[in-house]
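J.:
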């Protein structure tokens with residue numbers, strides 16, 4: 049408590065100072081390279097995003113311990129966009145034009161990313177976006193270090209189909225763009241694999257849905273059609289805990305109807321008694337349980353940094369780890385933090401990830417990742433039960449959506465386009481319908 | 085007529101001064117932003133233009149709320165809905181302006197419809213490629229909703245907390261509805277990625293300056309209009325309805341009509357505020373319908389002082405300025421500051437900033453008056469009531485009861 | 404694959420039939436030892452089948468352990484143990500005999516990996532092994548497994564088991580299992596007709612699932628018969644579904660009631676527009692979390708009592724916060740309901756952020772005590788214990804509150820003060836304290852609600868925000884100031900919601916409920932249970 | 040009984056709330072230009088009767104006619120007010136945030152719709168009428184004061200003044216002298232008698248001294264029905280009236 053007050057006091061006095069400086073010359077450059085951290089620390093998304101702020105602070109601290117970057121110290125600038133989407137845009141603008149940051153690490157929800165995109169475009173800065181998302185986007189100023197649908201959803205469905213012999217599918221999601229798109233892609237994918245339309249049930253629920261009785265019982269009903277059934281869950285954040293509790297209580301066991309989730313990580317499971325959920329699946333590109341020296345070191349550092357031996361790590365944290373190291377490498381390569389130079393230098397940069405390999409930045413601003421399927425364990429960790437043999441390249445434009453299958457993104461010099469149409473040979477989408 | 089009335093009233097100097105300041109800001113800030121080089125100490129950076137432009141639309145929203153709440157006693161916990169509807173109408177226009185510059189290059193369908201496999205434009209998107217149509221909808225959509233909602237609610241004599249809660253239910257229902265991707269409004273992501281407004285690039289400094297000026301002028305104009313309304317006989321009636329609805333009814337007025345009119349006008353103002361807000365922040369999404377947002381509007385209004393017109397504007401600017409500042413410098417503790425501010429304002433400034441200022445001024449004037457009259461009284465005989473012949477006793481009258489929640493009686497416990 | 408399985412199980416059954424023929428321990432141990440070298444799930448599955456093929460009932464122990472994720476091997480010598488972990492140590496048991504084999508740091512061991520299909524295989528083979536178990540409960544479980552996952556190879560074993568079975572309930576299950584097995588076997592059509600007839604009388608979802616599967620792969624009369632049975636079951640299930648929906652509605656209603664009942668006091672009775680109500684619920688939930696953490700670390704045996712302990716504590720903690728809030732802020736604001744909205748909104752922001760600062764922004768784990776986990780069936784009605792307890796609990800809290808209000812001196816004082824403050828104070832009631840304690844009571848009740856809601860929802864700083872709007876809707880819908888209104892309001896909203904949900908979907912259902920509330924208020928501008936009477940307004 | 044020639048005609052009116060019969064088969068006739076005093080103990084149904092006449096409460100049964108022809112049960116408060124029934128509440132109710140003068144401006148007879156109000160400018164005739172009323176209710180000196188700052192008695196007068204501004208045919212006055220000093224009470228009686236010269240008036244009052252001062256026909260209500268009717272002396276001599284007042 050005393051510590052808190054002390055920090056508070058420090059902040060306030062620092063703030064007063066900052067205010068004075070702002071009043072003076074806003075563009076005064078000191079001898080640090082500033083890194084913006086744009087994650088919600090309050091509001092509905094604080095639950096997920098606060099951790100990412102902490103991991104960024106840790107990474108900056110580690111880099112400074114290694115001697116900083118280009119001979120300068122790094123300085124993290126933290127702001128709170130408060131889960132308020134327009135505020136994300138405002139804060140992004142503040143970070144770039146008032147604080148003069150060289151790159152921003154932030155956003156979680158798609159809408160927050162959409163909200164800041166024009167700002168990054170206009171002010172020509174760099175955003176690292178660490179969360180799995182729906183794809184269908186590639187922007188010059190954004191680097192997507194989370195998974196695209198082909199790095200998460202499709203391998204998971206493949207696994208269920210091949211290993212568990214699933215024939216009937218419930219696609220349950222929160223009603224927003226990521227589940228909608230992912231489910232569209234999965235629907236097309238499943239149909240291409242010969243799954244009949246009546247064997248797919250799609251269900252959407254509002255954010256923060258807490259009464260799952262009817263839906264879980266619908267799933268049970270759907271599952272009693274004599275075919276092996278699985279649930280593909282794109283249910284978001286807060287709604288997962290009551291969903292899994294209801295599953296457990298209604299006796300839906302993983303052996304009967306496995307649930308594979310794309311938004312449930314160690315962090316979400318920390319709020320849950322996972323014993324009844326053992327065997328349900330998640331698909332990610334990283335698990336805390338992955339047994340590699342890099343990961344062990346990262347976890348140890350994290351626990352040390354947060355001074356909490358129970359803190360868990362998760363996939364978006366790894367994404368920031370990769371993204372940050374890529375940025376550092378690209379800045380070193382470019383010898384400057386100038387956005388254009390760094391954006392050019394980023395492509396092809398390859399850094400170790402935490403699962404024992406290297407992730408590389410591709411010309412479409414997405415990265416290569418392994419895909420892991422894990423089963424939930426009684427201790428809230430994931431046990432990897434399957435993984436891709438090689439790395440999977442993030443596919444920004446899904447091959448399973450009719451309007452995006454002809455699109456590619458390549459930000460290298462001659463093409464430099466985020467939505468190049470291979471059919472028409474033009475940059476700028478599909479053209480006339 | 086209205087303008088004539090406006091300048092005859094000398095009492096409302098504050099409104100005029102504020103309107104003039106706003107008009108000056110509308111000219112000055114764009115000029116300082118565009119004409120001066122960034123190195124000049126008087127240059128207004130783009131960041132400030134965008135930020136203050138946004139605040140000004142919030143201020144317009146707060147002003148709209150003040151009209152119904154401060155004057156008519158209708159505590160709407162759903163004014164964000166009208167703001168958002170205006171914003172969506174503008175957003176739809178801006179989406180249609182993207183044309184074939186979307187990522188999929190579809191000339192008709194917005195991107196979010198393309199990747200969700202929509203084949204054709206839903207009927208309610210027709211017409212939004214024309215600005216005049218969008219402009220009509222900006223006024224009509226919130227206005228019509230407010231009119232219909234108000235027509236039913238006020239005719240049924242829903243008052244007090246009941247009214248407040250159903251306005252909250254209204255905005256909450258709209259929130260859920262707009263979240264649904266099936267509705268065709270872009271779901272949670274809302275509408276983004278705007279390119280042009282009236283042929284101007286929305287990101288260009290000139291456009292931004294123009295939008296800023298438009299917001300400031302809209303606010304100034306709205307202030308003058310609301311001021312005229314509140315000082316008309318109709319404005320007196322609004323206050324009458326707020327203070328004693330049944331008395332108004334028993335002298336032959338229809339409070340429901342008075343309220344519906346105020347509610348509709350206010351909703352239209354809120355819609356215009358939303359429409360100015362969207363191109364400046366570059367996104368409109370269902371989050372604007374969140375009940376918490378509407379409550380925040382109430383907070384701005386209360387902080388500034390309701391029923392003062394200028395107060396809510398100041399409240400909106402101050403609270404939002406504080407929020408922007410605190411989220412930047414105290415990212416982990418700003419909610420303490422903001423929450424503490426609300427508590428402090430209610431406890432120590434119950435009439436808001438302007439209201440408290442006014443009562444402080446009034447009490448000083450009264451004190452001076454008392455001192456003077458006391459001196460006179462000592463010399464002159466007490467005033468005599470001409471009817472009774474008795475000395476007039478100036479009674480210690482209790483403070484006028486606070487209109488509270490739209491003037492309805494406090495909820496009574498029932499058996 | 405199936406042939407192999409048939410073969411194994413047949414061999415197993417033949418061997419277990421000759422009970423005295425004890426399989427060589429060493430052979431089993433050698434098979435178990437192969438787990439340590441298994442490279443993938445397919446190899447592990449083969450070992451499982453090999454173990455099952457021994458027909459020795461004792462292999463159930465290592466197989467169950469494997470299924471539970473407790474089978475490990477020592478890294479140093481690759482010896483296999485049952486090694487459940489607690490903290491950093493693993494307790495070792497012999498995989499075959501279950502004899503204790505000491506303790507060791509868990510880092511020395513590697514788990515044998517399992518996945519779902521492997522667990523399923525284990526469940527199936529164990530049922531084959533345990534069909535002849537002396538324990539009827541185990542036999543019942545085996546019969547159920549065979550019923551759900553029928554395998555033609557089990558037919559003879561089932562016939563034998565039915566002949567030997569003495570317990571009626573087990574026998575019924577065994578016969579059902581036999582019928583479902585016949586449907587997957589190549590038995591003559593007549594037997595299949597009998598099986599369909601037998602299954603048709605059951606009418607549960609699993610049967611429906613079996614018959615649907617069967618109908619899909621059969622033709623002619625058999626398919627028609629199956630289809631008829633499916634229709635019959637479908638019809639009876641539709642009726643049960645109505646009951647189920649009512650139950651879901653009651654359950655949702657009880658959650659709404661719990662969330663709203665504290666507000667019915669602070670807002671309904673006292674007229675404070677208490678936006679911090681949700682945070683009182685949240686405080687109750689966090690109290691539960693703290694109680695459970697202390698119990699987990701210090702008194703693990705008391706875990707089933709954690710909620711019982713948390714209840715009074717949550718009441719006190721939330722009540723104390725409420726008391727402080729009333730004394731510190733709200734008492735200055737009586738008669739100014741709007742200002743209470745602002746101030747409590749500020750309080751709610753502060754409380755949320757305070758919890759976020761103290762406990763962190765992430766969800767906290769609140770476990771279900773054993774008596775609140777799982778569920779049971781009444782006919783085709785699936786009830787879960789936690790929901791049932793919450794319904795009971797909500798009603799109990801309501802009853803208690805009603806008692807306090809109607810039957811105690813304090814209740815009388817509360818009613819007197821809210822009805823006419825000045826009169827009450829002139830009658831010698833100390834109104835400030837009545838106010839303070841009424842508010843504390845409302846907050847405390849909200850805290851208690853938090854204990855219950857922690858069982859079904861996230862325990863996070865956002866917990867309260869999720870309930871505040873619904874709570875206000877319930878209180879207003881029921882009629883401000885009327886406890887019965889809150890009760891009826893909560894349950895009717897819950898049930899309406901649940902009946903709309905299957906047709907309209909969760910989102911649209913909720914929107915419809917809100918629209919219904921708006922329309923309802925037009926009809927009855929003072930809620931469900933409004934005071935009627937002559938003009939009270941001046 | 041004929042309705043013609045009556046200003047107010049109630050026949051067989053009943054209303055009940057949640058089983059409680061507030062008005063029970065009440066019949067009452069008021070002739071044009073008459074002033075009537077209504078007395079009765081608490082809960083006799085006096086205020087409810089007013090509610091019924093002014094359209095606030097709908098009777099369960101019975102006829103309520105105004106001016107011989109208008110069925111009041113078919114109209115709402117604003118309509119009824121516009122037809123010419125003015126009502127003063129038990130508790131004085133004026134627009135406290137407005138000046139005395141503005142209170143009267145709002146009450147002045149005239150169109151009652153939004154747009155005329157929005158663009159309304161006061162005419163000379165209106166100003167004169169207001170001056171007249173101010174003189175009648177003895178509040179000329181306080182014309183520009185906020186109504187909130189008036190004394191209790193002055194508020195009662197202002198409310199009566201607002202009724203006058205409405206230019207009604209019938210005034211319903213509920214307890215006009217509650218909380219007044221004796222001098223004020225006398226003054227009010229004089230005021231009402233003045234008004235009664237040009238209007239029909241119904242006065243509900245407890246204060247027998249005041250009723251006597253009015254010197255008009257008295258109706259005593261009890262349990263929602265007429266108990267006794269006649270001169271004050273006649274009514275106060277009635278045994279049943281004595282019983283309900285003294286209680287048993």
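Residue numbers (this note's numbering), protein chains in the order written: chain A, 49 to 481; chain B, 85 to 499; chain C, 404 to 941; chain D, 40 to 287.
The beta carbon of each residue, even a glycine, is placed where N, CA and C say it ideally should be.
Where does residue 929 of chain C fall in DSSP's three states?
T.: DSSP places residue 929 of chain C in coil when its eight states are reduced to three.
J.: Would you tell me roughly how many angstroms separate the C-alpha atoms of residue 128 of chain A and residue 99 of chain A, rounded to the nearest one?
T.: Rounded to whole angstroms, residue 128 of chain A to residue 99 of chain A spans 13 Å at the Cα level.
J.: Are residue 408 of chain B and residue 106 of chain B touching if we call contact CB-CB under 8 Å?
T.: No, they are not a contact pair.
J.: Look up residue 285 of chain A in the DSSP assignment and say whether it is helix, strand or coil.
T.: Helix.
J.: Distance cutoff 8 Å, beta carbons only. Does residue 354 of chain B sit that close to anything in chain D?
T.: Answer no: the Cβ-Cβ gap between residue 354 of chain B and chain D never drops below 8 Å.
J.: Are the Cβ atoms of residue 356 of chain B and residue 249 of chain B separated by less than 8 Å?
T.: Cβ distance not < 8 Å, so residue 356 of chain B and residue 249 of chain B don't count as in contact.
J.: Where do the N-terminal and C-terminal ends of the beta strand (DSSP E) with residue 125 of chain A fall, by residue?
T.: Unbroken beta strand (DSSP E) run through residue 125 of chain A: 121 to 127.
J.: Identify every run of the alpha helix (DSSP H) within the stretch 237 to 283 of chain B, keeping only runs that are complete inside it and at least 4 residues long; order them along the chain.
T.: Listed in chain order, they are 244 to 263.
J.: Are the beta-carbon atoms of residue 143 of chain D and residue 169 of chain D separated by less than 8 Å?
T.: Yes, Cβ-Cβ distance for residue 143 of chain D and residue 169 of chain D is below 8 Å.
J.: Going by beta-carbon coordinates alone, are residue 409 of chain A and residue 395 of chain A separated by less than 8 Å?
T.: Their beta carbons are under 8 Å apart, which means residue 409 of chain A touches residue 395 of chain A by this criterion.
J.: Using a Cβ distance threshold of 8 Å, determine whether the stretch 786 to 793 of chain C contacts the stretch 335 to 353 of chain A, with at least three qualifying pairs required.
T.: Output reads no: the stretch 335 to 353 of chain A does not touch the stretch 786 to 793 of chain C.
J.: Can you round the beta-carbon distance between residue 275 of chain B and residue 178 of chain B to whole angstroms, since I take them to be within the 8 Å contact cut?
T.: Between residue 178 of chain B and residue 275 of chain B the Cβ distance is about 7 Å, and since that is below 8 Å, they are a contact.
J.: Compute the distance between the beta-carbons of residue 272 of chain A and residue 608 of chain C, then report whether it is under 8 Å.
T.: Yes, the pair counts as a contact, with Cβ atoms nearer than the cut-off.
J.: So residue 114 of chain B packs on residue 296 of chain B, CB below 8 Å; how close in whole Å?
T.: Confirmed, about 6 Å.
J.: Does any residue of chain A have a CB that is nearer than 8 Å to the CB of residue 369 of chain B?
T.: Chain A contact via Cβ: present.
J.: Using a cut-off of 7 Å between C-beta atoms, extract the partners of residue 441 of chain B located in chain D.
T.: By Cβ distance, chain D contributes nothing, its closest Cβ being about 18 Å from residue 441 of chain B, past 7 Å.
J.: Leaving out five residues on either side along the sequence, give the residues of the same chain with a beta carbon under 7 Å from the beta carbon of residue 120 of chain A.
T.: So the list reads 79, 80 and 81, once near-sequence residues are dropped.
J.: If contacts are defined as beta-carbon pairs under 8 Å, then residue 263 of chain D and residue 62 of chain D qualify, I think. What distance do you get, rounded to the angstrom?
T.: Correct: roughly 4 Å between the Cβ atoms.
J.: Do residue 99 of chain B and residue 137 of chain D have their beta-carbon atoms positioned less than 8 Å apart in this structure?
T.: No, the pair does not count as a contact, with Cβ atoms beyond the cut-off.
J.: Residue 156 of chain D to residue 184 of chain B, Cα distance in whole Å?
T.: Each residue's alpha carbon lies about 50 Å from the other.
J.: Look at the alpha carbon of residue 157 of chain B and the alpha carbon of residue 149 of chain B, and state the distance between them as a whole number of angstroms.
T.: Distance between the alpha carbons of residue 157 of chain B and residue 149 of chain B is about 10 Å.
J.: Spell out whether any CB of chain B is found under 8 Å from the CB atom of residue 238 of chain D.
T.: So, not an interface residue.
J.: Taking its Cβ as the centre, do 16 or more other Cβ atoms sit within 10 Å of residue 470 of chain A, making it buried, or is it exposed?
T.: Residue 470 of chain A comes out exposed.
J.: Would you mind working out which of A/215, A/324 and A/377 sits nearest residue 776 of chain C, comparing C-alpha positions?
T.: Closest by alpha carbon: A/324.
J.: Using a Cβ-Cβ cut-off of less than 9 Å, give me the residues of the stretch 168 to 195 of chain B that come near chain A, in sequence order.
T.: Against chain A - using a Cβ distance shorter than 9 Å - the residues of the stretch 168 to 195 of chain B are 184, 185, 186, 187, 188, 189, 190, 191, 192, 193 and 195.
J.: Tell me, please, whether the CB atom of residue 145 of chain D is closer than 8 Å to any CB atom in chain B?
T.: Output row for residue 145 of chain D: interface = yes.
J.: Could you check whether the stretch 372 to 386 of chain B touches the stretch 253 to 269 of chain B, counting it as contact only if at least three pairs of C-beta atoms, one from each stretch, sit closer than 8 Å?
T.: Flag = yes, the stretch 372 to 386 of chain B and the stretch 253 to 269 of chain B touch.
J.: Can you give me the Cβ contacts of residue 282 of chain B inside the same chain, cut-off strictly under 8 Å, excluding the 5 residues immediately before and after it?
T.: Same-chain partners within the cutoff: 215.
J.: With 8 Å as the limit, tell me which residues of the stretch 132 to 151 of chain A have their beta carbon closer than that to any beta carbon of chain B; keep them in chain order.
T.: The stretch 132 to 151 of chain A vs chain B, Cβ under 8 Å: 132, 133, 134, 135, 137, 138, 139, 141, 142, 145 and 146.
J.: Would you kindly work out how many angstroms separate the C-alpha atoms of residue 455 of chain A and residue 467 of chain A, rounded to a whole number?
T.: Computed Cα separation, rounded: 6 Å.
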